[in-house]
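**Student:** Numbering (full-length UniProt numbering), first residue to last: 1 to 116. Note that the Cβ used here is the ideal one computed from N, Cα and C, for glycine as well. Let me begin by handing over the structure; questions about it come next.
Below, the structure is given as structure tokens:
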């Protein structure tokens, strides 16, 4: 019987590969422990049906155990203030579309600028 709270955890090296030319990088000792990190399931359950985020509960979990690598980008959009926790799913979708259209570093914009 596998008891989750005694699970030694997953190494983060399986999520973040070190480039082959970087031979002097030590192996990480950090392990992703189940029940401690903000998981995909906990992240999704932190939202109301309209899409409002319970930021207090979420910050506590992040502080205690970090963020699972699969949702790290989405969570950081809230932590960096890109999205208001009170925003809805539709508002965030519109903000993302607007950012992609007007991003000066996007591939489509840089390709059109490089032509004479």
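Please classify residue 97 as buried or exposed, where buried requires at least 16 other C-beta atoms within 10 Å of its C-beta.
**Tutor:** Taking the chain shown and counting its residues from 1, the one referred to as residue 97 is at position 97. So residue 97 counts as exposed.
**Student:** Leaving aside the five residues before and after residue 50 along the sequence, list all residues of the same chain whose C-beta is less than 7 Å from its C-beta, in chain order.
**Tutor:** Numbered from 1 along the chain shown, position 50 holds the residue referred to as residue 50. Closer than 7 Å at the Cβ level, and outside the excluded window around residue 50, lie 88.
**Student:** Near residue 21, which residues of its chain fall below 7 Å by C-beta distance, leaving aside the five closest residues on each side in sequence?
**Tutor:** By one-based count along the chain shown, residue 21 stands at place 21. Excluding positions up to five away in sequence, the list is empty.
**Student:** So, is residue 76 buried or exposed, given that buried needs 16 or more other C-beta atoms within 10 angstroms?
**Tutor:** Mapped onto the chain shown, residue 76 falls at position 76. By the 10 Å Cβ count, residue 76 comes out exposed.
**Student:** What's the C-alpha gap between residue 63 and residue 102?
**Tutor:** Counted from its first residue, the chain shown places residue 63 at position 63. Counted from its first residue, the chain shown places residue 102 at position 102. The alpha-carbon atoms of residue 63 and residue 102 are separated by roughly 33 Å.
**Student:** Are the CB atoms of residue 46 and residue 37 nearer to each other than 8 Å?
**Tutor:** Locating residue 46 in the chain shown gives position 46, where the first residue counts as 1. Locating residue 37 in the chain shown gives position 37, where the first residue counts as 1. Not closer than 8 Å, so no.
**Student:** Around the Cβ of residue 80, are there at least 16 other Cβ atoms within 10 angstroms (buried) or fewer (exposed)?
**Tutor:** The count along the chain shown starts at 1 and reaches residue 80 at position 80. Per the 10 Å Cβ criterion, exposed.
**Student:** Buried or exposed, going by whether 16 or more other CB atoms sit within 10 Å of the CB of residue 6?
**Tutor:** Counting from 1 along the chain shown, the entry for residue 6 is found at position 6. Note that residue 6 scores a pLDDT of 43, beneath 50, so its modelled location is shaky and nothing firm can be said.
**Student:** Where do the N-terminal and C-terminal ends of the alpha helix (DSSP H) with residue 59 fall, by residue?
**Tutor:** One-based indexing of the chain shown puts residue 59 at position 59. Its alpha helix (DSSP H) spans residues 55-65.
**Student:** Taking residue 68 and residue 39 to be in contact with their CB atoms under 8 Å, please state how far apart those CB atoms are, rounded to whole angstroms.
**Tutor:** Here the question's residue 68 lines up with position 68 in the chain shown. Here the question's residue 39 lines up with position 39 in the chain shown. Confirmed, about 5 Å.
**Student:** Between the beta-carbon of residue 86 and the beta-carbon of residue 61, is there less than 8 Å?
**Tutor:** Sequence index remark: in the chain shown, residue 86 carries index 86 (1-based). Sequence index remark: in the chain shown, residue 61 carries index 61 (1-based). Taking 8 Å as the Cβ cut-off, residue 86 and residue 61 do not qualify as a contacting pair.
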